[in-house]
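Under the UniProt record's numbering, the sequence shown has 61 at position 61, and the numbering climbs by one with no breaks.
Using N, Cα and C, we set each Cβ at its ideal position, and we do this for glycine too.
As the structure is a prediction and not an experimental result, all values here were calculated from the model.
Data first, discussion second: the structure below is written as structure tokens.
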Amino acid sequence: MLPVSTLDQVLSAIDAGLDSSLDRLMAFLRLQSISTDPAYKAQCRAAAEWLAADLADAGIAAEVRPTTGHPMVVGHAVTAGAGPSVLFYGHYDVQPVDPLELWHAPPFEPRIETGADGVKRIRARGASDDKGQLMTFVEACRAWKAVTGSLPLPITVFFEGEEESGSPSLNPFLEANREELSKDLALICDTGMWDAKTPAITTSLRGMVYEQVTITAANRDLHSGIYGGSARNPIHVLTRILADLRDDDGRITVPGFYDGVAEAPTQLKAQWQSMGFDEAESLRQIGLSVPAGERDRAPLERLWARP
């Protein structure tokens, strides 16, 4: 275990260097690394190269690795410390910015604003997904190395540029570099916070399942003025199917759907209950007042453990 004094020194170094850290983050945010638009391919490349250079400046040897799409950035920190090896993942690409007219300021000109709640926030495309989180880890490594001379654990950083476009190059790259990237522990910085001032360590996420359902009725397009009310409309059939997927208590009605759904441990449920989650306030923030999901389940259980 590291001495508390060491951690205190590192945290003090982070505080002392905050202005420089923000300058680096702002420079990173100005890069228009939109992965879904080929017009921004050069900007994505520039973001990868910027990251590799910044990692090198922080004492982490890094390379820009080619893929069939946007490049990966891989870096390794030489350390004298022993312990579990860590792979840190993040992505440097961002979502498109359309429609531009809904932005109060240019999306790639980052600025610091103070909200109505008194909390300062950085406003820019990618500030919270995922450039801000990514740089938090890099800056922590920078401060640690500045104080102690080396990182406490063997650390590999792995940044991709296609997360917002489905990560088509990710699996092939992982397969081709399996030995280099296989570590004891993976940290992923692309998750949320408990609230505006409280970071969270996310230990699991729910998955997603996509299904495409095609409803066919008449053998051609029909004029509603002639056939409406007589011919079956596929939209009505589909909406009935969707409506019947849940009952009035929020349970999914597909037979056998819950057979493989594990119950969250009682102790974990109790921990969630003790966290003081304000469901009404959470709904209010997004303009809602009525919750969804299974009525007999607690809010955080519905949010984190139920399908």
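Next on the checklist: Taking its Cβ as the centre, do 16 or more other Cβ atoms sit within 10 Å of Trp-194, making it buried, or is it exposed?
Outcome noted: Under this definition Trp-194 is an exposed residue.
Checklist entry - Given 8 Å as the limit, is there contact between the stretch 7-14 and the stretch 139-149, that is, 3 or more CB pairs closer than that? => result The stretch 7-14, when compared against the stretch 139-149, does touch it at the 8 Å Cβ threshold.
Next on the checklist: To the nearest angstrom, how far is the alpha carbon of Val-207 from that of Gly-225?
Outcome noted: According to the sequence provided, residue 207 is Gly. The question's Val does not apply to it. Going by the C-alpha atoms only, they are around 44 Å apart.
Checklist entry - To the nearest angstrom, how far is it from the Cα of Leu-205 to the Cα of Pro-106? => result So the alpha carbons of these two residues sit roughly 32 Å apart.
Checklist entry - Val-86 lies in the alpha helix (DSSP H); which residues open and close that run? => result Segment 86-91 is the beta strand (DSSP E) holding Val-86; no alpha helix (DSSP H) there.
Item to check | Inter-stretch contact (C-beta, 8 Å, three-pair minimum) for the stretch 33-45 and the stretch 162-179 | outcome: Three or more beta-carbon pairs separated by less than 8 Å link the stretch 33-45 to the stretch 162-179, which places the two stretches in contact.
Checklist entry - Could you give the residue range of the beta strand (DSSP E) that holds Phe-137? => result Per DSSP, Phe-137 belongs to no beta strand (DSSP E); it is in the alpha helix (DSSP H), 131-148.
Checklist entry - CA-CA distance, Glu-180 and Ile-112? => result For Glu-180 and Ile-112, the distance between alpha carbons rounds to 38 Å.
Next on the checklist: Does the structure place the stretch 148-158 close enough to the stretch 72-89 that three or more beta carbon pairs sit under 8 Å?
Outcome noted: Between the stretch 72-89 and the stretch 148-158, the count of C-beta pairs closer than 8 Å reaches three or more; the two stretches touch.
Item to check | Endpoints, beta strand (DSSP E) assigned at Val-237 | outcome: The continuous stretches of beta strand (DSSP E) do not include Val-237, which lies in the alpha helix (DSSP H) extending over residues 234-243.
Checklist entry - Mind checking His-223: buried by the 16 CB within 10 Å criterion, or exposed? => result Answer is exposed; the Cβ neighbour count stays below 16.
Checklist entry - When DSSP labels each residue in this structure, what does Met-26 get in the three-state scheme? => result The three-state reading of DSSP puts Met-26 in helix, counting H, G and I together.
Next on the checklist: Quick check: Glu-63 and Val-78, are their CB atoms within less than 8 Å of each other?
Outcome noted: In this structure, Val-78 does not lie closer than 8 Å to Glu-63 by Cβ.
Checklist entry - Taking Cβ positions, are Thr-239 and Arg-246 nearer each other than 8 Å? => result Contact: no.
Next on the checklist: Am I right that Pro-307 and Pro-299 are in contact with their C-beta atoms under 8 Å? What's the rounded C-beta distance?
Outcome noted: Rounded, the Cβ-Cβ distance is 16 Å, inconsistent with contact.
Checklist entry - Hey, Ala-186 and Tyr-89: beta-carbon distance below 8 Å or not? => result Note that the C-beta distance between Ala-186 and Tyr-89 is below 8 Å.
Next on the checklist: Check for me: the beta strand (DSSP E) holding Phe-158 runs from which residue to which?
Outcome noted: 155-160 is the span of the beta strand (DSSP E), which, as asked, contains Phe-158.
Next on the checklist: Runs of 4 residues minimum, wholly inside the stretch 35-96: which ones carry the alpha helix (DSSP H) assignment?
Outcome noted: Segments of the alpha helix (DSSP H) lying fully in the stretch 35-96: 41-57.
Checklist entry - Residues bridged to Lys-197 by DSSP? => result Answer is none; Lys-197 lacks a bridge partner.
Checklist entry - Roughly how many whole angstroms lie between the Cα atoms of Asp-221 and Ile-241? => result So the two alpha carbons sit approximately 22 Å from each other.
Next on the checklist: Rounding to the nearest angstrom, what Cα-Cα distance links Gly-161 and Ala-127 in this structure?
Outcome noted: Going by the C-alpha atoms only, they are around 15 Å apart.
Next on the checklist: Let me make sure I understand the geometry here. Which of Asp-278, Leu-29, Glu-211 has the alpha-carbon closest to that of Asp-130?
Outcome noted: Nearest Cα to Asp-130 within the set Asp-278, Leu-29, Glu-211: Leu-29.
Checklist entry - Which class does Arg-251 belong to by DSSP, given the choice of helix, strand or coil? => result Arg-251: coil per DSSP, three-state reduction.
Item to check | Simplified DSSP state of Ala-186, which is helix, strand or coil | outcome: Here Ala-186 sits in strand by DSSP.
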